[in-house]
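Residue numbers (my numbering), protein chains in the order written: chain E, 9 to 99; chain P, 12 to 326.
For each residue, glycine too, the CB sits at the ideal point set by N, CA and C.
Just so we're clear, the structure is a prediction, and the values are computed from it rather than from any experiment.
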Amino acid sequence: MDKKEMAELIDIDGLSSDVEVVTYLNSEDNKRQYVVYTKDEIQEETGNQVIYIAKIIPEGDVFKLEEITDDLEWIDVQHLLKAIANAQSVG
Amino acid sequence: MEDIYEFENSEYRMASMQIKAIAYDVVTGISKKKIALKKDSEDSSLIQRLTAISDRIIEITDSLEEELEKLDQIEEKREIMIPESDTGIQEQALVDKKKEEDEGSPQKIKIDLEEELNRKQEIMEEKEEQQELKLPIKKDVESETKFAPEEPTIIEQNDQEVSLPDLNIKLADTTIEQQEGTPMEKTQETPQPQQIEASKKESTEISTKKRFQKMTKSLSKAIMVKPSQLQNLRKSHEYQEQLLANQGIFEMKEASEEVKKPIAEGTKELPEDIERQIEDLTVKANIYYNEGEVDKAQELYDKIRELNEQYKKGD
Numbered sequence: 009m010d011k012k013e014m015a016e017l018i019d020i021d022g023l024s025s026d027v028e029v030v031t032y033l034n035s036e037d038n039k040r041q042y043v044v045y046t047k048d049e050i051q052e053e054t055g056n057q058v059i060y061i062a063k064i065i066p067e068g069d070v071f072k073l074e075e076i077t078d079d080l081e082w083i084d085v086q087h088l089l090k091a092i093a094n095a096q097s098v099g
Numbered sequence: 012m013e014d015i016y017e018f019e020n021s022e023y024r025m026a027s028m029q030i031k032a033i034a035y036d037v038v039t040g041i042s043k044k045k046i047a048l049k050k051d052s053e054d055s056s057l058i059q060r061l062t063a064i065s066d067r068i069i070e071i072t073d074s075l076e077e078e079l080e081k082l083d084q085i086e087e088k089r090e091i092m093i094p095e096s097d098t099g100i101q102e103q104a105l106v107d108k109k110k111e112e113d114e115g116s117p118q119k120i121k122i123d124l125e126e127e128l129n130r131k132q133e134i135m136e137e138k139e140e141q142q143e144l145k146l147p148i149k150k151d152v153e154s155e156t157k158f159a160p161e162e163p164t165i166i167e168q169n170d171q172e173v174s175l176p177d178l179n180i181k182l183a184d185t186t187i188e189q190q191e192g193t194p195m196e197k198t199q200e201t202p203q204p205q206q207i208e209a210s211k212k213e214s215t216e217i218s219t220k221k222r223f224q225k226m227t228k229s230l231s232k233a234i235m236v237k238p239s240q241l242q243n244l245r246k247s248h249e250y251q252e253q254l255l256a257n258q259g260i261f262e263m264k265e266a267s268e269e270v271k272k273p274i275a276e277g278t279k280e281l282p283e284d285i286e287r288q289i290e291d292l293t294v295k296a297n298i299y300y301n302e303g304e305v306d307k308a309q310e311l312y313d314k315i316r317e318l319n320e321q322y323k324k325g326d
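This is the structure in structure tokens:
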């Protein structure tokens, strides 16, 4: 059985929803950290699923989420994601 | 957008497969002509010439495939060569790479973006009309959805799709909207607690909930992943969380709970070299079969089965 981590996602208007934290990412230079989460949006035909990625800015009990707007940063994040998602054996 | 699920395939790998498919069609056509000539008992020299052409096509396709593979390897090496610690150089390399890609097909990107935006705009207009008719009270949702067509992430997503073809970058709201025809609020980051909870009750062991506060109204970056890829990402969860704890983002776990790097279990996908071998054998077997040489085709099919079984045992 998978151990899933649920988290509360609060949007800018204060509305909160539950999301599943799929994993986290740590940039190669250890300067940026990201959360990868899903809202269970599954494509029926293929079973493929949408995952979201945002940058974590820790602040007290709440972790602020900043969207990735820089293209280079996004490319880095994709490399991190790809390495994990396509890994046959990690370690 | 058609090949968004080719997550693990590289650009040249895709090209190689397409070339192979075309070559296969041509060779199959030649085979049919050969069979027709044999039936008519016509000049055998013509048949021989056709055979030579057919062989040559296969030969060229194989060598082209090798060249494309080399190109792939060069690109991979180039990425690995960038030192991890030297972020300045790394970023410069990425800038150069992106610049190259952008310069390579600027028109295509522009057209794709325009098409995507137009399509998105049309869908949004339809949605708005429907919402006005059916849900006049939901003003708050409506106002939230209205910004979507101008959402900068649409452009960014498209842009990235061009720059990294082996990744499945897709704007989540577009996907869900188009494929399932669900209301817009589902694709926005609005709450669906009941749905999510229901789907997870069976296998979920909920730990202390973290709270994430979004700082902007924009959508998070989204990617469509295969179930196996999602599984790999989930497996890495504990290890990655520990990495973040080491960075002081989260609380450290107790020493006894040392997390090991996960090993992806039961990956059903064949190794790339075996997969290619099977592809080649399948193409050749099909050619033999079309030429009426059933025995040879069967021999190759047996070999394919053998390779598959061999891999499964090894797994």
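Hey, is P/Asn319's beta-carbon within less than 8 Å of any beta-carbon in chain E?
For the purposes of this step, residue 319 of chain P is identified with residue 308 of the second sequence, where counting begins at 1. Output row for P/Asn319: interface = no.
Could you tell me whether any non-hydrogen atom of the ligand SAH is closer than 7 Å to the CB of P/Asn319?
Within the structure as shown, the ligand SAH is missing, as the structure has no ligands at all.
Cross-strand partners of E/Asn34 (DSSP beta bridge)
Your numbering for residue 34 of chain E matches position 26 in the first sequence. Bridge pairing for E/Asn34: E/Gln41 [DSSP].
C-alpha gap between E/Ile20 and P/Ser231, whole angstroms:
The residue given as residue 20 of chain E occupies position 12 in the first sequence. The residue given as residue 231 of chain P occupies position 220 in the second sequence. When rounded, the distance between both Cα atoms is 13 Å.
Sequence-distant residues of the same chain with beta carbon closer than 8 Å to P/Ile289, five excluded per side:
On the second sequence, residue 289 of chain P is found 278 positions in, with the first residue counted as 1. Only Leu281, Ile315, Leu318, Asn319 meet the Cβ criterion.
Looking at the structure shown, is E/Ile64 part of a helix, part of a strand, or coil, going by DSSP?
Here residue 64 of chain E refers to the residue found at position 56 when the first sequence is read from its first residue. Strand, per DSSP.
Which one of P/Gln309, P/Leu244, P/Ala296, P/Lys221 has the shortest CA to CA distance from E/Gly68?
Counted from its first residue, the first sequence places residue 68 of chain E at position 60. When only C-alpha atoms are compared, the closest one is P/Lys221.
Would E/Tyr45 pass as a contact of E/Ile59 if the rule is Cβ separation under 8 Å?
The residue you call residue 45 of chain E lines up with position 37 of the first sequence. The residue you call residue 59 of chain E lines up with position 51 of the first sequence. Their beta carbons are under 8 Å apart, which means E/Tyr45 touches E/Ile59 by this criterion.
Distance, Cα to Cα, P/Leu334 vs P/Ile30?
Examination of residue 334 of chain P is not possible in this model, given that chain P is present from 12 through 326 alone.
Burial state of E/Met14 (16 or more Cβ within 10 Å)
For the purposes of this step, residue 14 of chain E is taken as residue 6 along the first sequence, with counting starting at 1. Buried is the call here.
Using a Cβ-Cβ distance under 8 Å, would P/Met28 count as near chain E?
Stepping through the second sequence from its first residue, residue 28 of chain P is reached at position 17. No - not a single Cβ of chain E is within 8 Å of the one on P/Met28.
Tell me, please, whether the segment 71-78 of chain E touches the segment 247-255 of chain P by the rule of three or more beta-carbon pairs shorter than 8 Å.
Taking a cut-off of 8 Å on C-beta distances, the segment 71-78 of chain E does not touch the segment 247-255 of chain P, as fewer than three cross pairs fall below it.
Since E/Gln57 sits in a beta bridge, which residues does DSSP pair it with?
The sequence position of residue 57 of chain E within the first sequence is 49, counting from 1. Per DSSP, the beta-bridge partners of E/Gln57 are E/Ile50, P/Val236.
Rounded straight-line distance, which links the Cα of P/Gln240 to that of E/Ala93
Taking the first residue of the first sequence as 1, we reach residue 93 of chain E at position 85. Taking the first residue of the second sequence as 1, we reach residue 240 of chain P at position 229. Distance from the CA of E/Ala93 to the CA of P/Gln240, rounded to the nearest whole angstrom, comes to 4 Å.
For E/Gly22, is the classification buried or exposed, using 16 other Cβ atoms within 10 angstroms of its Cβ as the cut-off for buried?
As a working note, residue 22 of chain E is residue 14 in the first sequence. Counting the other CB atoms within 10 Å of its CB gives E/Gly22 a total below 16, which places it among the exposed residues.
Report the option in P/Gln253, P/Asn301, P/Asp291 whose CA atom is closest to the CA atom of E/Val43.
Residue mapping note: residue 43 of chain E aligns to position 35 of the first sequence, counting from 1. For the residues P/Gln253, P/Asn301, P/Asp291, the minimum Cα distance to E/Val43 belongs to P/Gln253.
Excluding the five sequence neighbours on either side, which residues of its own chain have a C-beta within less than 7 Å of the C-beta of E/Glu49, listed in chain order?
As a first step, residue 49 of chain E is located in the first sequence; it is residue number 41 there, counting from the start. Spatial neighbours of E/Glu49 in its own chain (CB-CB distance under 7 Å, excluding positions within 5 residues in sequence) are listed in chain order as Gln57, Val58.
Could you give the DSSP three-state label for E/Ala15: helix, strand or coil?
Residue numbering aside, residue 15 of chain E sits at position 7 when the first sequence is read from its first letter. E/Ala15: strand per DSSP, three-state reduction.
Rounding to the nearest angstrom, what Cα-Cα distance links P/Glu86 and P/Ile58 in this structure?
If you number the second sequence from 1, residue 86 of chain P lands on position 75. If you number the second sequence from 1, residue 58 of chain P lands on position 47. P/Glu86 and P/Ile58 have their C-alpha atoms spaced approximately 42 Å apart.
N- and C-terminal bounds of the alpha helix (DSSP H) containing P/Lys225
Reading the second sequence from its first residue, position 214 is the one you call residue 225 of chain P. Element bounds for P/Lys225: not the alpha helix (DSSP H) but the beta strand (DSSP E), 221-225.
Find the residues of chain E that neighbour P/Glu86, judging by a C-beta separation of less than 8 Å, and give them in chain order.
For this step, residue 86 of chain P is matched to residue 75 along the second sequence. None at all; the shortest Cβ gap to chain E is about 13 Å.
Which same chain residues, not among the five before or five after P/Met263, have their C-beta less than 8 Å away from its C-beta?
For the purposes of this step, residue 263 of chain P is taken as residue 252 along the second sequence, with counting starting at 1. Only Ala256, Asn257 meet the Cβ criterion.
Residues in its own chain within less than 6 Å of P/Ala296 by CB, not counting five upstream and five downstream?
Here residue 296 of chain P refers to the residue found at position 285 of the second sequence. Around P/Ala296: Ala308, Leu311, Tyr312.
Residue burial classification, P/Ile298 (beta-carbon count within 10 angstroms, cutoff 16):
Position 287 of the second sequence holds residue 298 of chain P. By the neighbour-count criterion, in which a residue is buried when 16 or more other Cβ atoms sit within 10 angstroms of its Cβ, P/Ile298 is buried.
Limits of the alpha helix (DSSP H) - the one that P/Glu249 falls within:
Position 238 of the second sequence holds residue 249 of chain P. Looking at the DSSP string, the run of the alpha helix (DSSP H) that includes P/Glu249 is 248-257.
Does P/Met235 come within less than 8 Å of chain E when only Cβ atoms are used?
Translated into positions along the second sequence, residue 235 of chain P becomes position 224. Interface annotation, P/Met235: in contact with chain E, CB-CB separation under 8 Å.
Between the alpha carbons of P/Phe261 and E/Tyr32, how many angstroms are there, rounded?
If you number the second sequence from 1, residue 261 of chain P lands on position 250. If you number the first sequence from 1, residue 32 of chain E lands on position 24. If you take the alpha carbons of P/Phe261 and E/Tyr32, they lie about 11 Å apart.
Given a cut-off of 8 Å, decide if E/Val30 and P/Lys244 are closer than it, judged by their beta-carbon atoms.
What you label residue 244 of chain P is simply residue 233 of the second sequence in a count that begins at 1. What you label residue 30 of chain E is simply residue 22 of the first sequence in a count that begins at 1. The question names Lys, yet the displayed sequence has Leu at residue 244 of chain P. Yes; because the gap between Cβ atoms is below 8 Å, this pair is in contact.
P/Glu252 CB to nearest chain E CB: under 8 Å?
Counting from one through the second sequence, the residue named residue 252 of chain P turns up at place 241. For P/Glu252, the answer is yes, since a Cβ of chain E falls inside 8 Å of its Cβ.
Residue span of the beta strand (DSSP E) that contains E/Glu74, given as start and end:
Translated into positions along the first sequence, residue 74 of chain E becomes position 66. Per DSSP, E/Glu74 belongs to the beta strand (DSSP E) from 70-74.
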